[in-house]
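Accompanying notes for the structure given below.
2 protein chains.
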Amino acid sequence: MNTNDPKIKMPHALITIGRQFGSGGRELGKKLADAFGYKYYDKELLSEAAKKAGMDPGFFEKNDERAPSFINGIFSFALGLTPNNIYTGSTSISDDSLYRAQSDFIQSLAEQGPCVIVGRSADYVLRDNPRTVNLFVHAPMDNCIDRIISREPNLSRDKAKARAEKVNRLRSNYYNFYTDKTWGAANSYHLSLDTSLLSMDDITEIVREYILRRFKD
Amino acid sequence: MNTNDPKIKMPHALITIGRQFGSGGRELGKKLADAFGYKYYDKELLSEAAKKAGMDPGFFEKNDERAPSFINGIFSFALGLTPNNIYTGSTSISDDSLYRAQSDFIQSLAEQGPCVIVGRSADYVLRDNPRTVNLFVHAPMDNCIDRIISREPNLSRDKAKARAEKVNRLRSNYYNFYTDKTWGAANSYHLSLDTSLLSMDDITEIVREYILRRFKD
Numbered sequence: 002m003n004t005n006d007p008k009i010k011m012p013h014a015l016i017t018i019g020r021q022f023g024s025g026g027r028e029l030g031k032k033l034a035d036a037f038g039y040k041y042y043d044k045e046l047l048s049e050a051a052k053k054a055g056m057d058p059g060f061f062e063k064n065d066e067r068a069p070s071f072i073n074g075i076f077s078f079a080l081g082l083t084p085n086n087i088y089t090g091s092t093s094i095s096d097d098s099l100y101r102a103q104s105d106f107i108q109s110l111a112e113q114g115p116c117v118i119v120g121r122s123a124d125y126v127l128r129d130n131p132r133t134v135n136l137f138v139h140a141p142m143d144n145c146i147d148r149i150i151s152r153e154p155n156l157s158r159d160k161a162k163a164r165a166e167k168v169n170r171l172r173s174n175y176y177n178f179y180t181d182k183t184w185g186a187a188n189s190y191h192l193s194l195d196t197s198l199l200s201m202d203d204i205t206e207i208v209r210e211y212i213l214r215r216f217k218d
Numbered sequence: 002m003n004t005n006d007p008k009i010k011m012p013h014a015l016i017t018i019g020r021q022f023g024s025g026g027r028e029l030g031k032k033l034a035d036a037f038g039y040k041y042y043d044k045e046l047l048s049e050a051a052k053k054a055g056m057d058p059g060f061f062e063k064n065d066e067r068a069p070s071f072i073n074g075i076f077s078f079a080l081g082l083t084p085n086n087i088y089t090g091s092t093s094i095s096d097d098s099l100y101r102a103q104s105d106f107i108q109s110l111a112e113q114g115p116c117v118i119v120g121r122s123a124d125y126v127l128r129d130n131p132r133t134v135n136l137f138v139h140a141p142m143d144n145c146i147d148r149i150i151s152r153e154p155n156l157s158r159d160k161a162k163a164r165a166e167k168v169n170r171l172r173s174n175y176y177n178f179y180t181d182k183t184w185g186a187a188n189s190y191h192l193s194l195d196t197s198l199l200s201m202d203d204i205t206e207i208v209r210e211y212i213l214r215r216f217k218d
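Order-wise, the sequence lines are chains A and B. Numbering of the first sequence is given in my numbering, commencing with residue 2 and proceeding in unit increments. Numbering of the second sequence is given in my numbering, commencing with residue 2 and proceeding in unit increments.
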């Protein structure tokens with residue numbers, strides 16, 4: 002099987018991407034969607050899609066991959082974070098029902114066709130769907146700092162590192178609270194990759210190979 | 002690039018495999034070595050190689066991926082394991098110097114050419130070598146139990162599960178004690194895969210794709 006032939010039609014798959022902050026999850030997600038002809042969703046695009054569907058436009062911003070307030074309160078306290086790190090969204094519905102509404106919306110998007118979804122514990126939301134391909138991407142901290150600074154050149158390396166650590170903690174709290182798995186543990190995902198050793202184009206082709214072999218039928 | 006052409010010569014790589022018990026790490030390792038023309042080493046073959054080199058034949062059995070006695074003593078006690086689970090090898094050298102000797106031996110094998118090494122925290126031993134490809138393989142517990150029972154048909158599912166959990170704890174203690182990384186965490190490895198969703202032949206081709214793309218020069 003020559004799986005490298007770009008003319009091969011990609012099978013139906015739902016790619017979810019978990020990622021360490023600064024490891025290039027969104028960049029990879031966009032590339033995969035582009036290369037495979039899948040739809041792409043991250044926080045902004047999920048918000049937009051929710052808006053189009055007539056829902057609250059702040060729908061995905063409000064519950065920004067943070068565990069419910071009391072959990073982050075405990076963690077923030079323990080970690081010595083300042084109070085404005087704590088989720089204080091003024092939504093009128095509870096964190097839990099917001100999470101459920103987001104999950105229902107992700108489910109409805111997945112029913113519309115193949116797509117790439119970055120974050121939102123979409124792997125867990127879509128866990129009963131056999132077409133999911135759950136990716137996790139990571140990179141050594143120095144590489145993550147490089148990528149963060151390339152987006153925000155005025156940031157010092159120390160500040161970029163502190164931000165990466167904080168966002169990773171929030172993502173981990175959110176994921177571990179809402180799922181029965183552990184964020185960043187290899188066995189929570191189908192395929193995990195270090196993004197510092199290959200170009201995003203090469204990683205795209207490795208994921209293509211994975212999908213073509215997994216969904217041969 | 003048609004990376005699926007089996008006639009393409011595989012570049013020099015040192016594949017290390019970390020694995021959950023029952024997830025097929027050895028089976029995959031043998032397949033990779035076979036398909037790529039690399040040497041293959043697991044515990045038995047490392048012992049044999051050590052013997053050939055004129056070293057103690059029990060060299061690799063004695064320190065069987067267990068952290069030093071006092072560490073396992075603590076864990077065994079906490080887990081209610083029986084005393085014979087605790088490492089009590091009657092070697093005259095300390096666990097630490099045994100680990101160092103094993104590491105030196107793995108280094109010397111790696112210098113002889115491309116190879117696949119299963120276990121022994123070989124990823125950490127060879128961490129300064131840019132040709133390492135550090136894999137971790139895992140599978141849902143039910144699949145691991147299936148594989149364990151296929152090797153030992155008289156084992157009950159409960160006993161197979163208990164063994165998998167115990168061996169995973171020992172591997173984790175060993176790895177976390179001797180390295181600065183976390184066993185089973187995606188970011189401790191370059192590429193992690195769930196072996197329950199693809200055949201070992203397909204996984205072999207995905208790893209081939211990975212290696213050909215990573216070492217293009």
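Each residue gets a CB set at the ideal place from its N, CA and C atoms; glycine is no exception. All values derive from a computational prediction rather than experimental measurement.
Does A/HIS13 pass the burial test, meaning 16 or more other C-beta atoms within 10 Å, or should it be called exposed?
Within the first sequence, numbered from 1, the residue matching residue 13 of chain A stands at position 12. Exposed: under 16 other Cβ atoms inside 10 Å.
For A/LEU171, which residues in chain B fall below 7 angstroms Cβ to Cβ?
As a working mapping, residue 171 of chain A is identified with position 170 in the first sequence. Within chain B, no residue comes near A/LEU171; the closest Cβ sits about 17 angstroms away, beyond 7 angstroms.
Less than 8 angstroms between CB atoms is the rule here; does A/ASP203 satisfy it with respect to chain B?
On the first sequence, residue 203 of chain A is found 202 positions in, with the first residue counted as 1. Yes, because at least one Cβ of chain B sits closer than 8 angstroms to the Cβ of A/ASP203.
Measure from the alpha carbon of B/ARG172 to the alpha carbon of each residue in B/LYS160, B/PHE137 and B/ARG148, then state which is nearest.
Along the second sequence, one-based indexing puts residue 172 of chain B at 171. Taking only the C-alpha atoms, the option nearest B/ARG172 is B/PHE137.
Interface positions of the region 146-167 of chain A facing chain B (Cβ-Cβ less than 7 angstroms), listed along the chain:
none
Identified DSSP bridge partners for B/ASN169
Locating residue 169 of chain B in the second sequence gives position 168, counting from the first residue. Partner residues in a beta bridge of B/ASN169, as assigned by DSSP, do not exist.
Going by beta-carbon coordinates alone, are A/ILE204 and A/THR196 separated by less than 8 angstroms?
Locating residue 204 of chain A in the first sequence gives position 203, where the first residue counts as 1. Locating residue 196 of chain A in the first sequence gives position 195, where the first residue counts as 1. Yes, Cβ-Cβ distance for A/ILE204 and A/THR196 is below 8 angstroms.
Taking the straight line between their C-alpha atoms, what separation do you get for A/ASN155 and A/ALA161?
For the purposes of this step, residue 155 of chain A is taken as the residue at position 154 of the first sequence. For the purposes of this step, residue 161 of chain A is taken as the residue at position 160 of the first sequence. Straight across, the Cα-Cα distance linking A/ASN155 with A/ALA161 is about 10 angstroms.
Work out the CA separation of A/ALA140 and B/ILE75 for me, nearest whole Å.
By 1-based counting over the second sequence, the position of residue 75 of chain B is 74. By 1-based counting over the first sequence, the position of residue 140 of chain A is 139. Any reading at B/ILE75 must be qualified, since the residue scores a pLDDT of 47, below 50, and its modelled position is unreliable; no value is offered.
Just to confirm, is the Cβ distance from A/ALA165 to A/GLY23 under 8 angstroms?
Here residue 165 of chain A corresponds to residue number 164 of the first sequence, with the count starting at 1. Here residue 23 of chain A corresponds to residue number 22 of the first sequence, with the count starting at 1. Cβ atoms of A/ALA165 and A/GLY23: closer than 8 angstroms.
Given B/ASP202, which residues of its chain have a CB within under 8 angstroms of its CB, disregarding the five upstream and five downstream residues?
In the second sequence, counting from the first residue as 1, residue 202 of chain B sits at position 201. Result list for B/ASP202: LYS32, in chain order.
Whether A/TYR175 touches A/SER122 by CB criterion (8 angstroms)
Stepping through the first sequence from its first residue, residue 175 of chain A is reached at position 174. Stepping through the first sequence from its first residue, residue 122 of chain A is reached at position 121. Yes, Cβ-Cβ distance for A/TYR175 and A/SER122 is below 8 angstroms.
Which full runs of the alpha helix (DSSP H) of 4+ residues lie inside the region 98-137 of chain B, going along the chain?
Runs of the alpha helix (DSSP H) spanning 4 or more residues and lying entirely within the region 98-137 of chain B occur at 123-126, in chain order.
Which residue from A/PHE178, A/ILE16, A/GLN21 and A/MET56 puts its Cα closest to that of A/ASN144?
Sequence index remark: in the first sequence, residue 144 of chain A carries index 143 (1-based). For the residues A/PHE178, A/ILE16, A/GLN21 and A/MET56, the minimum Cα distance to A/ASN144 belongs to A/GLN21.
Just to confirm my understanding: we take B/THR83, look at its own chain, exclude 5 residues before and 5 after, and list those with CB closer than 6 angstroms. What are they?
Translated into the one-based positions of the second sequence, residue 83 of chain B becomes position 82. Any reading at B/THR83 needs caution, since the residue's pLDDT is 36, under 50, leaving its predicted position unreliable; the model's value is listed next. Cβ neighbours of B/THR83 beyond the five flanking positions: none.
Identify which residue in A/TYR41, A/ILE150 and A/GLU153 has its Cα closest to the Cα of A/GLN113.
As a working note, residue 113 of chain A is residue 112 in the first sequence. Checked all of A/TYR41, A/ILE150 and A/GLU153; the closest Cα to A/GLN113 is A/TYR41.
If I'm right that B/VAL209 touches B/ALA34 with Cβ under 8 angstroms, what's the distance once you round it to whole angstroms?
Numbered from its first residue, the second sequence carries residue 209 of chain B at position 208. Numbered from its first residue, the second sequence carries residue 34 of chain B at position 33. Looking at the sequence shown, residue 209 of chain B is not Val but Arg. Not really, about 12 angstroms apart at Cβ, beyond 8 angstroms.
Tell me which residues of the region 36-47 of chain A have at least one Cβ-Cβ distance to chain B shorter than 8 angstroms, keeping chain order.
none
Counting only C-beta atoms, is B/ARG20 closer than 8 angstroms to chain A at any point?
By 1-based counting over the second sequence, the position of residue 20 of chain B is 19. No, no contact with chain A.
Return the first residue and the last residue of the beta strand (DSSP E) that A/ASP195 is part of.
Residue mapping note: residue 195 of chain A aligns to position 194 of the first sequence, counting from 1. 192-195 is the extent of the beta strand (DSSP E) around A/ASP195.
Taking DSSP as the reference, what is the three-state secondary structure of A/ALA54?
The residue you call residue 54 of chain A lines up with position 53 of the first sequence. Of the three classes helix, strand and coil, the one that applies to A/ALA54 here is coil, per DSSP.
Applying a beta-carbon distance threshold of less than 7 angstroms, which residues of chain B neighbour A/PHE137?
By 1-based counting over the first sequence, the position of residue 137 of chain A is 136. Correct list: ALA187.
Tell me the rounded alpha-carbon separation between B/LYS182 and B/GLN108.
Position 181 of the second sequence, counting from 1, holds the residue named residue 182 of chain B. Position 107 of the second sequence, counting from 1, holds the residue named residue 108 of chain B. Their Cα atoms are separated by approximately 19 angstroms.
Quick check: the Cα distance between B/PHE178 and A/LYS10, rounded to an integer number of angstroms?
As a first step, residue 178 of chain B must be located in the second sequence, where it is residue number 177. As a first step, residue 10 of chain A must be located in the first sequence, where it is residue number 9. If you take the alpha carbons of B/PHE178 and A/LYS10, they lie about 47 angstroms apart.
Check the C-beta distance from A/TYR39 over to A/ILE18 and give it rounded, since I have them as a contact under 8 angstroms.
Indexing the first sequence from 1 puts residue 39 of chain A at position 38. Indexing the first sequence from 1 puts residue 18 of chain A at position 17. Not confirmed; about 12 angstroms, so no contact.
If you measure from the beta carbon of A/TYR211 to each beta carbon in chain B, is any gap under 8 angstroms?
Taking the first sequence and counting its residues from 1, one reaches residue 211 of chain A at position 210. Chain B has a Cβ within less than 8 angstroms of the Cβ of A/TYR211.
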